[in-house]
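Q: Be aware that the sequence shown starts at 766, since it is given in our numbering, and climbs by one per residue.
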Amino acid sequence: MLAIPDTWAQDPPTFPSDLSMPYTLTPGRAAGTFVAEIKNRRIVGSRFAGGTVAVPAQDFCPKTGDSDPELVEAPHTGTLTGFTETDAGIIALIRIDGSDFDMTHRILGTSLDSLQVGQRVEAVWGDGEGILAIEGFRLAPDAPRGEIRSLPDAAKAVEQIPYHLNLHYEHAFGPYYGRLFDEIKTNRRIMGVRTSDGEGALLPPREIDDLTHKPTGTWVELKQTGTVRAMSVIHLEFIGQTQPPPYIYAEIVLDGASTRLIHNVGGIDMSRAKELVKPGTRVRAVWREGERTGSLADISHFEVIDGEE
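The following block contains the structure:
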C-alpha cells in the first residue's frame, strides 16, 4: 500500500448505492415454451438434428450451434454431476435423464455431506408459476431412469417476461475518492492529484498514474473553470434520469487537470445548444444550493463563460 500524499487522517463513510433496472426479457421460442409448460409440470427440452438433447430447452445447441430444434418433454429425474454450498443453499449441476447437458438448480432436504456425484435426484414441484414452479431437486435413489418423449401439444411460448433487477451495495471510497468528496461537501473544492511527472493533475484522484503506472504526487486544488472537449444533447427519456431532457452531457477538462470530468452544461437556451456549446467552449461550475451530499451532484451544472474571461 502506497502512502497517502499530503492529506489528513479521515474515516470516510461508505456510499450506499442501489442499482435498479426494470427491463423486459425475450426468451425466444425454446426457452419461452419451457417457461410456458413449467406451470403444467412438464419440463421441456430441445432435440437437435444430430440427436443431441438440451434440457432446459434452448434455441441453439450448446455443442454444435444447430438451430430449429424439435421441442420434447423431458423426465423429472436425473443424475447429480456437481454441487456446492452457498448462502442460498446447495446449488447443483443436474443431468436430466436423456439430456446431453447439465442444468443448474437447488438441492433440497439434505446436507452437503450427504451428496455424491452420481446420485439420483427428482424434481420437487411447488405452487409457483414460471421457472419457480420447480422448487428444486431432492435425492431419489430408487427413481427409475426416465426417457425423452415427443411434445406434440406444446403450450404457446411466453414471448416476454417483465423483470426488475435491484442490487444494493456499499461502495468504499478509500482515501482518494474519500478526500475528493469530503472537499466537495465541506469546502466546495475540487481536488486532484499530481501526475507522476508533476506536469498535470488527475481527476478523479487516484493512487497510480494511468499512463506511467507510477505513484501519483501531491494533492492540488483544481480551478472550477474548464473547457468542453466533447458533448451530446440528450433528447430521449430513460429510466434513472435525474433531469428531464433536453440537456447537455459534456466531457470537461478543468483548468490544470489532465483528465476529463463528465457533467452537465446548463443555463442556456436549449434550442441553441449546438450553437452555444461545442468543443472549446469555456465553462464554470455552478454549485447546488441546499444540503450537500458529498458527491458530484453537489455541482448543479457548468455554465458557459465564453467572453467573460
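A virtual CB, placed ideally from N, CA and C, is assigned to each residue, including glycine.
Beta strand (DSSP E) containing Gly901: first to last residue?
A: Counting along the chain, the beta strand (DSSP E) containing Gly901 begins and ends at Ile899 to Leu904.
Q: Classify Trp773 as buried or exposed, calling it buried when 16 or more other Cβ atoms lie within 10 Å of its own Cβ.
A: With a pLDDT of only 49 at Trp773, under the threshold of 50, the placement of this residue in the model should not be trusted; the figure read from the coordinates follows. Burial call: exposed.
Q: Counting C-beta neighbours from all protein chains within 10 Å, is the total for Arg914 16 or more, i.e. buried, or is it exposed?
A: Exposed, since its Cβ has fewer than 16 Cβ neighbours within 10 Å.
Q: Note down the Cα distance separating Leu790 from Phe1003, rounded to an integer number of angstroms.
A: Going by the C-alpha atoms only, they are around 17 Å apart.
Q: Can you give the Cα-Cα distance for Pro1045 and Ser1023, rounded to whole angstroms?
A: Here the sequence assigns Gly to residue 1045, which means Pro is not the residue at that position. One C-alpha to the other measures close to 15 Å.
Q: Cutting at 7 Å between CB atoms, please list the residues of its own chain near Arg860, excluding the five before and the five after it.
A: Here the set comprises Gly843, Thr844, Thr846 and Asp867.
Q: Could you pull the start and end residues of the beta strand (DSSP E) that Glu873 belongs to?
A: The sequence shown places Leu at residue 873, rather than the Glu named in the question. Note, Leu873: premise wrong, no beta strand (DSSP E); not H, not E.
Q: In the DSSP output, what is Asn931 paired with across the bridge?
A: For Asn931, which the question treats as bridged, DSSP gives the partners Ser785.
Q: Could you check how far apart the C-beta atoms of Leu879 and Gly810 are, in whole angstroms? I think they sit under 8 Å.
A: In the sequence under discussion, the amino acid at residue 879 is Ser, which differs from the Leu named in the question. Going by Cβ atoms, the distance from Ser879 to Gly810 rounds to 28 Å, so no, they are not a contact pair.
Q: On a Cα-Cα basis, can you pick out the residue from Arg910, Lys1043, His1028 and Val1042 that is closest to Ser1065?
A: Comparing Cα positions, the closest option is His1028.
Q: Mind checking if Thr849 is an interface residue toward chain D, Cβ cutoff 8 Å exclusive?
A: The chain inventory of the structure shown lacks chain D, comprising one protein chain alone.
Q: Taking the alpha-carbon positions, what's the Glu1016 to Arg1047 distance?
A: Between Glu1016 and Arg1047, the C-alpha separation is close to 12 Å.
Q: Can you check which of these residues, Val993, Lys950, Pro1011 and Ala995, is closest to Pro1061 by C-alpha distance?
A: According to the sequence provided, residue 1061 is Leu. The question's Pro does not apply to it. Nearest C-alpha to Leu1061: Lys950.
Q: With H, G and I counted as helix, E and B as strand and the rest as coil, what does DSSP make of Ala796?
A: Ala796 falls in the helix class under three-state DSSP.
Q: Could you have a look at Ile1064 and say whether DSSP puts it in helix, strand or coil?
A: Reduced to three states, the DSSP call for Ile1064 is strand.
Q: Within the same chain, show all residues whose beta-carbon is closer than 6 Å to that of Val1051, passing over the 5 residues directly before and after it, in chain order.
A: If we look at Val1051 and ignore the five residues flanking it on each side, its Cβ neighbours are Ser1065, His1066 and Glu1068.
Q: Determine which residues share a DSSP beta bridge with His1028 and list them.
A: Answer is Ala1015.
Q: By DSSP, does Glu1040 sit in helix, in strand, or in coil?
A: If DSSP states are grouped into helix, strand and coil, Glu1040 belongs with the helices.
Q: Which of helix, strand or coil does DSSP assign to Ser879?
A: It is helical.
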